[in-house]
Amino acid sequence: MPTSIAIHGAAGRMGRHLIALASQDRAFSIAGALESQQCPMLGRDAGEIAGCGRIGIPIESSCGVPFDVMIDFSAASATPRALDVALKAHRPIVIGTTGHDASGLEQIERASERIAVLHAANMSMGINVLLRIVGQLTAALGTDYDVEIVEAHHRFKIDAPSGTALALVDAIRCGQSTGAATSDVVHGRHGMTGGRPGGQIGVHAIRLGDTVGEHTVCFGGLGETIKISHTAHSRETFARGALRAAKWIAGRPAGRYSMNDILFGSQPIT
2 MPTSIAIHGA
12 AGRMGRHLIA
22 LASQDRAFSI
32 AGALESQQCP
42 MLGRDAGEIA
52 GCGRIGIPIE
62 SSCGVPFDVM
72 IDFSAASATP
82 RALDVALKAH
92 RPIVIGTTGH
102 DASGLEQIER
112 ASERIAVLHA
122 ANMSMGINVL
132 LRIVGQLTAA
142 LGTDYDVEIV
152 EAHHRFKIDA
162 PSGTALALVD
172 AIRCGQSTGA
182 ATSDVVHGRH
192 GMTGGRPGGQ
202 IGVHAIRLGD
212 TVGEHTVCFG
222 GLGETIKISH
232 TAHSRETFAR
242 GALRAAKWIA
252 GRPAGRYSMN
262 DILFGSQPIT
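Below you can see the structure in the form of structure tokens.
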């Protein structure tokens, strides 16, 4: 049986990629394509908006049909609505939206007490492997190596640094095992900053044209530098990851899950 999905944020860039891929994959069926009540695309066929031809599913502001998994690629302010739909249906949700504040993250955490929730800053398989490698590198190299993160995205991205960059910060902290405070993260530098203190994590955001997503982590020691990078060439890679996550989480018990669970299960990080 195909996994039926409801896509929240269906008229957005990621929503369209999800519709196009899912409509061509027999492992999935599209139960609903959801948008806000203010969306000018309401009533139009989701497939036509996605550029894959009519699929008989209109863009709607509510979901009146059953589904197996909700996928949210909207805006941080809209995620609570997606959570509400999933909670009322008592169905799992995959959240690829980023930029949530503390209140939004708390809502996601509370929802995971009642339904299965997979929240990932980046749905790319490659990025999630990179996160693991970065944690391992940090643990192996120790505190003698400085760490900097550089991320680049398209000019329309509304949050900075990217959710993936913040996930990389978390991976570095996990590798350090020092309980570093948030104040140890520096977002860019300007003026007479003085020497670089130990334990600091530099994060730099670039917004450039139609860049899909680039992340580079630099480890610098005395006499050598290690750079590890990931480049997304198309948003399709995120959509494929989200669909894989939806297939995986369908039928799972309530709880908080990550892409790490899909890729590595219960394997330890190091």
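Sequence positions in the sequence shown follow my numbering and run 2 to 271. Note that beta-carbon positions come from the ideal geometry of N, C-alpha and C, so glycine has one too.
- Per DSSP, residue 71 is one residue of the beta strand (DSSP E) stretching across 70–73.
- Along the stretch 9–48, the beta strand (DSSP E) occurs as fully enclosed runs of 3 or more residues at 29–35, listed in sequence order.
- Measuring C-alpha to C-alpha distances from residue 60 to each of 48, 67 and 69 identifies 48 as the nearest.
- An exposed status is given to residue 192, since fewer than 16 other beta-carbon atoms sit within 10 Å of its beta-carbon.
- Residue 195 sits exposed, since fewer than 16 C-beta atoms from the chains shown fall within 10 Å of its C-beta.
- Within the same chain, 170, 202 and 204 come within 7 Å of residue 186 by CB-CB distance, once the 5 residues on both sides are set aside.
- Here residue 217 carries a strand assignment [DSSP, helix/strand/coil].
- The stretch 88–101 and the stretch 220–227 do not touch, with fewer than three beta-carbon pairs separated by less than 8 Å.
- Contact fails between the stretch 108–126 and the stretch 146–156, because fewer than three Cβ pairs, one in each stretch, are under 8 Å apart.
- Relative to residue 253, the option among 121, 95 and 29 whose CA is nearest is 95.
- The C-alpha of residue 99 is placed about 18 Å away from the C-alpha of residue 37.
- Taking a 10 Å sphere around the C-beta of residue 119, we find 16 or more other C-beta atoms and assign the residue as buried.
- Per the C-alpha coordinates, the member of 17, 41 and 39 positioned closest to residue 33 is 17.
- The residue among 53, 8, 257 and 106 with its C-alpha nearest the C-alpha of residue 63 is 8.
- Scanning the stretch 97–166 for uninterrupted alpha helix (DSSP H) segments of 4 residues or longer gives 103–112 and 126–142, listed from N- to C-terminal end.
- Straight-line spacing of the CA atoms in residue 46 and residue 247 works out to 22 Å.
- Segment contact: the stretch 161–177 against the stretch 118–133, three or more CB-CB distances shorter than 8 Å; contact assigned.
- Counting only the Cα atoms, residue 206 lies some 33 Å from residue 70.
- Membership of residue 241 in the alpha helix (DSSP H) is indicated by the continuous run 237–250.
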